[in-house]
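All residue numbers for the sequence shown refer to the numbering used here, where the first residue is 3 and numbers rise by one.
The structure appears below as structure tokens.
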Amino acid sequence: MKNAAGRIKGDLAELYDLLESKLMALESLGRTKEKFAEFLEPLVESCLPETVLRAWERSRSMEDNTP
Numbered sequence: 003m004k005n006a007a008g009r010i011k012g013d014l015a016e017l018y019d020l021l022e023s024k025l026m027a028l029e030s031l032g033r034t035k036e037k038f039a040e041f042l043e044p045l046v047e048s049c050l051p052e053t054v055l056r057a058w059e060r061s062r063s064m065e066d067n068t069p
């Protein structure tokens, strides 16, 4: 799993499991999601397959356009 431009592609479920375990480890150290969300999001984005990243961007833009 490298990035969306991607040399190495991985399974999305594998990425999810990895992120969950890392998030639990951070929380056990007293770090809340709010404290690390700003730097974590770009890291996650860089690991997503391009098709998933495009769908995510579409859903974000739809959320921004709803009243």
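In this text, a Cβ means the ideal position worked out from N, Cα and C, and glycines have one as well.
List the endpoints of the continuous alpha helix (DSSP H) containing residue i.
i   : result
R62 : E52 to N67
D19 : L14 to S30
Count the other CB atoms within 10 Å of the CB of residue i; is the residue buried (16 or more) or exposed (fewer)?
i   : result
L20 : exposed
A27 : exposed
Under 7 Å between the Cβ atoms of residue i and residue j?
i   : j   : result
L17 : C49 : yes
Counting only beta-carbon separations shorter than 7 Å, does residue i have a partner in chain B?
i   : result
S23 : No chain B is present in this structure, which holds just one protein chain.
Verify the contact flag: residue i, CB atom, against every heavy atom of the ligand NAD, threshold strictly below 6 Å.
i   : result
S30 : Summarising the ligand content, the structure contains no ligands, and the ligand NAD is consequently not present.
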